[in-house]
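Engineer: The sequence shown begins at 480 in my numbering and counts up by one.
Built from N, CA and C at the ideal position, the CB exists for glycine as well.
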Amino acid sequence: MFQTPSGGAGQGAAATESGLMSIGAVLNALRDEFPDITISKIRFLESEGLVEPRRTPAGYRKFSAHDVERLAQVLRMQRDHYLPLKVIREHLDAVERGEAVALPRVGRQRDGETVPESAEAPTVARIGRDELLATAGIDDQELKEWESYGLLAPLPDGAYDAEAVTVASLVVQLGRFGIEPRHLRVMKAAADREAGLVDQVVAPLKRHRNPQTRAHAEARTKELAGLAVKLHAALVQTALGVRLP
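(1) Could you check where the alpha helix (DSSP H) with N507 kicks off and where it finishes?
(2) Leaving out the 5 sequence neighbours to the left and right, which residues in its chain are closer than 6 Å to E527 when beta-carbon positions are compared?
(3) Provide the residue(s) that pair with Y639 in DSSP beta bridges, ordered along the chain.
(4) Straight-line CA distance for R533 to R549?
(5) Go to F523, then tell me how far its alpha helix (DSSP H) extends in each direction, as first and last residue.
(6) Do the segment 680–690 and the segment 658–672 make contact, defined as three or more Cβ pairs closer than 8 Å?
(7) When you compare only the Cα positions, how much space is there between R518 and L554?
(8) For E626 and P536, I'd like the C-alpha separation in whole angstroms.
(9) Thinking C-beta only, is A643 closer than 7 Å to L631?
(10) Based on Cα-Cα distance, which residue from D559, K541, G538, G720 lies nearest to E512?
(11) Using 7 Å as the threshold, is the C-beta distance between A641 and G607 below it?
(12) Assign L663 to one of two classes, buried (16 or more other C-beta atoms within 10 Å of its C-beta) or exposed (fewer than that).
(13) Let me know the secondary structure DSSP gives G705 once reduced to three states.
(14) Apply the 10 Å Cβ neighbour rule to L706 and answer buried if 16 or more other Cβ atoms are within range, or exposed otherwise.
(15) Which ranges would you report for the alpha helix (DSSP H) in the segment 655–687 if only whole runs of at least 4 residues count?
(16) Over what stretch of residues does the alpha helix (DSSP H) that includes L622 continue unbroken?
(17) From this set, E578, V646, V708, which residue's C-alpha is nearest L676's C-alpha?
(18) Output the boundary residues of the alpha helix (DSSP H) element that contains D546.
(19) Quick check on R533: does DSSP put it in helix, strand or coil?
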C-alpha cells in the first residue's frame, strides 16, 4: 500500500491537510515500483476512467490514497498480465462493487478466432492503437518504426492482437540495454521460420474436412508452439552459457 504524505510544512504543495496528493506527489510515490511512470501516463489513465481525482477550484488534481493504490493496481495489471485498460477498469470496478471476479487473461486471435490461454478465466483478444501506445509508453513514430521491422503488425481493422502488448513490453525492456528495434529483426526472422515449420506440420490437419480434425489442428499448433519456444530458450541459454530461473 502507498502512504500519502503527512502534510508537513515542506509538503504544502504536495498534499492538503486532508491528505490529498498533487499529481507530482503521486508520480514520486509510484516511481520506485514503476520507474517509467510519467505525469502524461497518469493523465491518460485518468482520461480512460481508471481513476477520478478531485479537482481544486483552480482545477488542480488532488489524489487520495485510494486513487494512488488504484493507479498502482492498474500499472501492475498492465505490467504483469498485459491487459487492456478497458478490461482492467471493468475488473477493478467489479472488485470494488464486492463481486467475486476472476482476473481476465489475454488470449490470442488466430484466423478470426480467439484461442484462450486458460478456460478458467475470461479472455481478451484485441487492443487499440492508442491503448497500445499508452501501455508500452511509446509514441506513434516509434510504433511505426517497430512495424517497419515486422515486430508488430495491426489487424485489418487497425487494432492489434493482444500479444502485441507482450511484444511491445519486451522491446522496451531490451531497449534499456541498448538493443534497438532494428537489432531484433534477426529474432523476428527466426520466429517466422519456427512458425513456418509448425504450420507445415499442422497444415494437413487444418485442411481436413472434418471439423473435429480442424479443431485438433489448433490444439496441435499450440502444443508445437510451446515446444518450439522451450527449445529456442534452451538453445539461447546453452549458447550463452547461462541458466535462467
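Structural biologist: On the basis of the data shown:
(1) Residue mapping note: residue 507 aligns to position 28 of the sequence shown, counting from 1. That run of the alpha helix (DSSP H) goes 502–510.
(2) Numbered from its first residue, the sequence shown carries residue 527 at position 48. Answer for E527: L564, listed in chain order.
(3) Sequence index remark: in the sequence shown, residue 639 carries index 160 (1-based). Y639 pairs with I606.
(4) Numbered from its first residue, the sequence shown carries residue 533 at position 54. Numbered from its first residue, the sequence shown carries residue 549 at position 70. About 14 Å.
(5) For the purposes of this step, residue 523 is taken as residue 44 along the sequence shown, with counting starting at 1. 518–526 is the extent of the alpha helix (DSSP H) around F523.
(6) no
(7) Within the sequence shown, the letter at position 39 stands for residue 518. Within the sequence shown, the letter at position 75 stands for residue 554. Residue 518 is actually Ile in this sequence, not Arg. Rounded to the nearest angstrom, the two C-alpha atoms are 13 Å apart.
(8) As a working mapping, residue 626 is identified with position 147 in the sequence shown. As a working mapping, residue 536 is identified with position 57 in the sequence shown. C-alpha separation (whole angstroms): 44 Å.
(9) In the sequence shown, the residue the question calls residue 631 occupies position 152. In the sequence shown, the residue the question calls residue 643 occupies position 164. Yes; because the gap between Cβ atoms is below 7 Å, this pair is in contact.
(10) Taking the sequence shown and counting its residues from 1, one reaches residue 512 at position 33. Cα-wise, what sits closest to E512 is D559.
(11) On the sequence shown, position 162 is the one that residue 641 refers to. On the sequence shown, position 128 is the one that residue 607 refers to. Against a cut-off of 7 Å, the Cβ pair of G607 and A641 comes out as no contact.
(12) As a working note, residue 663 is residue 184 in the sequence shown. Per the 10 Å Cβ criterion, buried.
(13) Position 226 of the sequence shown, counted from the start, is the residue given in the question as residue 705. Three-state result, G705: helix.
(14) As a first step, residue 706 must be located in the sequence shown, where it is residue number 227. L706 is exposed by the Cβ-count criterion.
(15) 664–685
(16) As a position in the sequence shown, residue 622 is number 143, starting the count at 1. Unbroken alpha helix (DSSP H) run through L622: 619–627.
(17) What you label residue 676 is simply residue 197 of the sequence shown in a count that begins at 1. When only C-alpha atoms are compared, the closest one is V708.
(18) The sequence position of residue 546 within the sequence shown is 67, counting from 1. From DSSP, the alpha helix (DSSP H) with D546 extends over 544–560.
(19) The residue given as residue 533 occupies position 54 in the sequence shown. R533 falls in the strand class under three-state DSSP.
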